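K.L.:
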Amino acid sequence: MYLTNLFLKNFRNYHTLELKLNRNLNIFIGNNAQGKTNILEAIYLLSTGDSHRTNVTSEMVNWQQDSFYISSLVNKKEQEFEIELLFKNRKKEVKINDNKLKKLEDLLGYINSIIFSPEDLKLVKGSPSKRRKFINLEISQINSYYYHNLQEYRKIIRQRNNLLKEIREGKSSKDMLVVWNQQLINLGSKIITKRLNALDKLSILARLMHRKITDGLETLDLSYQSSLDLSKDDTTVEKIKSIFTEKLKTNQQKEIQRGVSLFGPHRDDILFKVNDINIRKFGSQGQQRTAALALKLAELEFMKSEIGEYPILLLDDVFSELDSSRQRYLLKVIENKIQTFITSTEINKLHKLEENKNIYQVKGGKVMETTYNG
Ligand SMILES: Nc1ncnc2c1ncn2[C@@H]1O[C@H](COP(=O)(O)OP(=O)(O)OP(=O)(O)O)[C@@H](O)[C@H]1O
Ligand SMILES: [Mg+2]
55 MYLTNLFLKN FRNYHTLELK LNRNLNIFIG NNAQGKTNIL EAIYLLSTGD
105 SHRTNVTSEM VNWQQDSFYI SSLVNKKEQE FEIELLFKNR KKEVKINDNK
155 LKKLEDLLGY INSIIFSPED LKLVKGSPSK RRKFINLEIS QINSYYYHNL
205 QEYRKIIRQR NNLLKEIREG KSSKDMLVVW NQQLINLGSK IITKRLNALD
255 KLSILARLMH RKITDGLETL DLSYQSSLDL SKDDTTVEKI KSIFTEKLKT
305 NQQKEIQRGV SLFGPHRDDI LFKVNDINIR KFGSQGQQRT AALALKLAEL
355 EFMKSEIGEY PILLLDDVFS ELDSSRQRYL LKVIENKIQT FITSTEINKL
405 HKLEENKNIY QVKGGKVMET TYNG
């Protein structure tokens, strides 16, 4: 899939911006604080309904204005459609070919995207919540049912936590837990199975990519670390449910004392190992970076296999950070088949690009297409 154009109105430091896009490579060059990331942020917002760097949508409204608008023509499986997002009166409104979507979350899946930014380099090193967010978004983009399950699950956790606190304070009886436990177990087990399944596929792809990037010297291994202490064979919903049930039974007192739900997908993590060493704890920065890159490339193939088409790829400030052999490898993967958006402060930080491309100069919220034969 690819975007043919992008239109921004009053988004961040852009008043009006209209860009014709290259279906292969789009490179944004400019000094710091000129608006390169803002363009990628707009595309990501159109793809997922959220920004990759803020939870506060109003921050993205141009300071002199009170609303913003983004639109794009998208080509997906040889079909073209228009997607529009308007943020006004603190609400996001999305239209596909002029038809208003009932819920913002229905937006997921129209533009499939993968973003790789300096933040993502922290995927390996950062807190478990980052890795949960990663796997959640990955599955949500291809399975809206999963997204609904997650929303529902979060509600249950909130209510169950309240109840646990009430029981601790003697305001509710333990019997009330039965109903909530059942819901927690049912939904939680479904979510875990979906994650196991996705991670299974992702880890095979990531290992392959990683081997190639490291010239076969290192082996990456991703595994799901569950708060339920699942073993490798515990992969069916039924099996997980029964372990979950047991876990809640033996730890009921502990959960009441703490007043929070201690077990379930909201407490799980993904373990990254290279040559059998936990690189979150012991990996070098380069190793963590390479693992993150391998995972991103795996995501591309994973999405391709799930939706039958490659997503678009947003590379914010990371391409120029890779050494030249990794840049070359990445370009080989993209190779005229994945629409890619790259930002960099200097064109000569980029490996010589032979590919079909557009290069844009970004300066103070204005964008000019330039010809540069790097
Ligand atoms: N809501 C807003 N309204 C107007 N301008 C904004 C708004 N939010 C951010 N900006 C401006 O946008 C610019 C930052 O844009 P962006 O993050 O895209 O920079 P960049 O070109 O990616 O820089 P870097 O190379 O440092 O990453 C800053 O000048 C900032 O003041
Ligand atoms: Mg930037």
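Here our numbering is used: the first residue of the sequence shown is 55, the next is one more, and so on.
Cβ atoms here follow ideal geometry from the backbone N, Cα and C, with glycine treated the same way.
Bear in mind that the values here come from a model prediction, so they are computed numbers and not experimental data.
Beta carbon of valine 115: closer than 8 Å to some heavy atom of ligand 1?
P.N.:
yes
K.L.:
Which residue spans inside the region 313–392 form an unbroken beta strand (DSSP E) run of at least 3?
P.N.:
Complete beta strand (DSSP E) runs here, min 3: 323–328 and 366–370.
K.L.:
If I'm right that isoleucine 83 touches glutamine 415 with Cβ under 8 Å, what's the distance once you round it to whole angstroms?
P.N.:
6 Å between Cβ atoms; contact.
K.L.:
Going by the beta-carbon positions, is the gap between leucine 325 and arginine 334 smaller than 9 Å?
P.N.:
Taking 9 Å as the cut-off, the beta carbon of leucine 325 is found closer than this to the beta carbon of arginine 334.
K.L.:
Between the region 375–391 and the region 270–288, are three or more C-beta pairs nearer than 8 Å?
P.N.:
Contact between the region 375–391 and the region 270–288 is not established, with fewer than three Cβ pairs separated by less than 8 Å.
K.L.:
Could you tell me which residues DSSP pairs with alanine 275 in its beta bridges?
P.N.:
Rather than alanine, the amino acid found at residue 275 in this sequence is aspartate. Lys327, per the DSSP bridge assignment.
K.L.:
In the DSSP assignment, find the unbroken beta strand (DSSP E) run with tyrosine 68 in it and report its ends.
P.N.:
68–74
K.L.:
According to DSSP, is isoleucine 211 helix, strand or coil?
P.N.:
DSSP places isoleucine 211 within a helical segment (H, G or I) once states are collapsed to three.
K.L.:
State buried or exposed for glutamate 309, treating a residue as buried only when at least 16 other CB atoms are found within 10 Å of its CB.
P.N.:
buried
K.L.:
In terms of residues, what are the limits of the beta strand (DSSP E) holding leucine 60?
P.N.:
56–65
K.L.:
Give me the Cα-Cα distance between asparagine 332 and leucine 276, rounded to the nearest whole angstrom.
P.N.:
Asparagine 332 and leucine 276: Cα-Cα distance of roughly 10 Å.
K.L.:
Helix, strand or coil for valine 233, going by three-state DSSP, please let me know.
P.N.:
The answer is helix: DSSP assigns valine 233 an H, G or I state.
K.L.:
Between which two residues does the alpha helix (DSSP H) harbouring valine 291 extend?
P.N.:
Residues 291–304.
K.L.:
Compute the minimum distance between the beta carbon of aspartate 371 and the heavy atoms of ligand 2, and state whether it is under 8 Å.
P.N.:
At least one heavy atom of ligand 2 is nearer than 8 Å to the Cβ of aspartate 371, so yes.
K.L.:
Just checking my contact of asparagine 64 with valine 115 at CB under 8 Å: how many whole Å lie between their CB atoms?
P.N.:
Correct: roughly 6 Å between the Cβ atoms.
K.L.:
Below 8 Å, is the gap between the Cβ of glutamine 88 and the nearest heavy atom of ligand 1?
P.N.:
yes
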